[in-house]
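Letter by letter, the sequence shown follows residues 184 to 372 of my numbering.
For every residue, glycine included, the Cβ atom is placed at its ideal position computed from N, Cα and C.
Before any comments, here is the structure.
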Amino acid sequence: MTHTKNYCGIAEDVGEVLIDEESIQRRVKELGAQISAEYAGKSPILVCILKGACLFHADLIRATPIDVFMDFIAVGSYGASTQSSGEVRILKDLDESPEGKDVILVEDILDTGLTLNYLISYIKSRHPNSLKVATLLSKPARRVVDVQVDYLGFEIPDQFVVGYGLDYAQRYRNLPYVAVLKTANQSSK
Ligand code: IMP
Ligand code: MG
Numbered sequence: 184m185t186h187t188k189n190y191c192g193i194a195e196d197v198g199e200v201l202i203d204e205e206s207i208q209r210r211v212k213e214l215g216a217q218i219s220a221e222y223a224g225k226s227p228i229l230v231c232i233l234k235g236a237c238l239f240h241a242d243l244i245r246a247t248p249i250d251v252f253m254d255f256i257a258v259g260s261y262g263a264s265t266q267s268s269g270e271v272r273i274l275k276d277l278d279e280s281p282e283g284k285d286v287i288l289v290e291d292i293l294d295t296g297l298t299l300n301y302l303i304s305y306i307k308s309r310h311p312n313s314l315k316v317a318t319l320l321s322k323p324a325r326r327v328v329d330v331q332v333d334y335l336g337f338e339i340p341d342q343f344v345v346g347y348g349l350d351y352a353q354r355y356r357n358l359p360y361v362a363v364l365k366t367a368n369q370s371s372k
C-alpha cells in the first residue's frame, strides 16, 4: 500500500508504508503521557537531534503537558548515502548548558547506535542531573554499539525508511508516515 497520491513526483521512490500517520500519532501520545507521568514536578529539556527528529520532537513536546524546555543539537549526517560512515561530529551545539538539568535526547531512528552513543557520552560529560533517550524508530538488526533506550516508538526491520522527518538525500522528510525507500532497499540487496 502506498499513500503518495497527494505528493507530486515521489511515487516512484517511496514504497510500502511501514507505519501510518494514525499509528505514529497514537504512539507519540502514549510516549508523551509516559514522560509526563515520569517527570511530573520536573522541567525536563527535550533535545531534538536535527534534522531527522524534528517532526517527532514537535509532536512529542505537544503530547507532554508538563513544564518542558526544548533545545536542539545537530550532528553530521549520512549525506546522500544510506550507509553510516561511523563518524559523528557536532554541527550545532546546545543553546543552553545541560548541567544539573533533566535531559531527554530525542532521536528519529536508532540504527548502528553510533550517533546516540556519541551524544550520550557528550551530554554526560556536561553533567546533567539525569539523561534519558527517546527514539521514534529502532532497527535492532543493525546495532554496532549497545544503546539504552527509555522511550521507543517502534522497532522496524532492516530496511531504509523515509518520512516523518527521516530523509534520503534531504528528501521525503515531509511525509506524515514512515515508508520504505524503494530505490535504496533494492540497490542494497
Ligand atoms: P546510527 O548512528 O547508525 O544509529 O544512525 C542514526 C542516524 O542515521 C539517524 O539519526 C538517521 O539520520 C540515519 N538513519 C539511519 N537509518 C535510517 C533510515 O532508515 N532512514 C533515514 N535515516 C536513517
Ligand atoms: Mg538523524
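Check: First and last residue of the beta strand (DSSP E) that includes K275?
Finding: For the purposes of this step, residue 275 is identified with residue 92 of the sequence shown, where counting begins at 1. First-last of the beta strand (DSSP E) with K275: I273 to K275.
Notebook entry, point to check: Under a Cβ-count criterion, where at least 16 other Cβ atoms within 10 Å of its own Cβ denotes burial, should D126 be classed as buried or exposed?
Noted result: In the structure as shown, the chain starts at 184 and stops at 372, and residue 126 therefore has no counterpart that could be examined.
Note to self: Relative to the C-alpha of L319, which candidate in E195, L238 and E279 has its C-alpha closest?
What the structure shows: For this step, residue 319 is matched to residue 136 along the sequence shown. Taking only the C-alpha atoms, the option nearest L319 is L238.
Notebook entry, point to check: Between which two residues does the alpha helix (DSSP H) carrying E279 extend?
Noted result: Along the sequence shown, one-based indexing puts residue 279 at 96. Neither: E279 is in no alpha helix (DSSP H) and is coded neither H nor E.
Notebook entry, point to check: Three-state secondary structure (DSSP) at T298?
Noted result: If you number the sequence shown from 1, residue 298 lands on position 115. Of the three classes helix, strand and coil, the one that applies to T298 here is helix, per DSSP.
Notebook entry, point to check: Looking at the structure shown, is I303 part of a helix, part of a strand, or coil, going by DSSP?
Noted result: By 1-based counting over the sequence shown, the position of residue 303 is 120. Of the three classes helix, strand and coil, the one that applies to I303 here is helix, per DSSP.
Checklist line | Length of the line joining the Cα atoms of K225 and H310 | finding: For this step, residue 225 is matched to residue 42 along the sequence shown. For this step, residue 310 is matched to residue 127 along the sequence shown. So the alpha carbons of these two residues sit roughly 17 Å apart.
Check: Once you ignore the five residues that flank V344 on each side, which residues in its own chain have a CB closer than 8 Å to its CB?
Finding: Residue 344 sits at position 161 when you count from the first residue of the sequence shown. Once the five neighbours on either side are set aside, the close Cβ partners of V344 are L201, I292, L320, V361, A362, V363 and L364.
Notebook entry, point to check: If you run the structure through DSSP and keep just helix, strand and coil, what is T318?
Noted result: Indexing the sequence shown from 1 puts residue 318 at position 135. Here T318 sits in strand by DSSP.
Item checked: Beta-carbon contacts of R325 that lie in its chain and below 7 Å, excluding the five residues immediately before and after -> Along the sequence shown, read from residue 1 onward, the residue named residue 325 stands at position 142. The residues are D294, T295 and D341.
Check: S308 bridges to which residues according to DSSP?
Finding: Residue numbering aside, residue 308 sits at position 125 when the sequence shown is read from its first letter. Paired residue(s): none; S308 is not in a bridge.
Notebook entry, point to check: Are the Cβ atoms of F337 and R210 separated by less than 9 Å?
Noted result: For this step, residue 337 is matched to residue 154 along the sequence shown. For this step, residue 210 is matched to residue 27 along the sequence shown. Yes; because the gap between Cβ atoms is below 9 Å, this pair is in contact.
Notebook entry, point to check: Using 9 Å as the limit for Cβ to Cβ distance, is S321 near chain D?
Noted result: Looking for chain D here will not work: only one protein chain is present.
Next item on the list: Use the C-beta contact count for G259: other C-beta atoms within 10 angstroms, 16 or more gives buried, fewer gives exposed.
Entry: Position 76 of the sequence shown, counted from the first residue, corresponds to residue 259. Exposed: under 16 other Cβ atoms inside 10 Å.
Checklist line | Separation of I193 from A156, as counted between CA atoms | finding: Because residue 156 is not part of the residues shown, which for the chain are 184 to 372, the question remains open.
Next item on the list: Take the Cβ of I273 as the centre, count every other Cβ of all protein chains shown within 10 Å, and call the residue buried at 16 or more, exposed below.
Entry: One-based indexing of the sequence shown puts residue 273 at position 90. Exposed.
Next item on the list: Just mark G198 as buried or exposed, buried being the case when its beta carbon has 16 or more other beta carbons within 10 Å.
Entry: As a first step, residue 198 is located in the sequence shown; it is residue number 15 there, counting from the start. It counts as buried.
Item checked: Residue from I232, N357 and D329 with nearest C-alpha to D254 -> Numbered from 1 along the sequence shown, position 71 holds the residue referred to as residue 254. Selected option, being the one with the closest Cα: I232.
Margin query: If we require 3 or more residues per run, which beta strand (DSSP E) segments fall completely within the region 204-238?
Written below: 228-233
Check: Which residue from A317, D329 and I339 puts its Cα closest to that of T247?
Finding: Translated into the one-based positions of the sequence shown, residue 247 becomes position 64. For T247, the nearest C-alpha among the options comes from A317.
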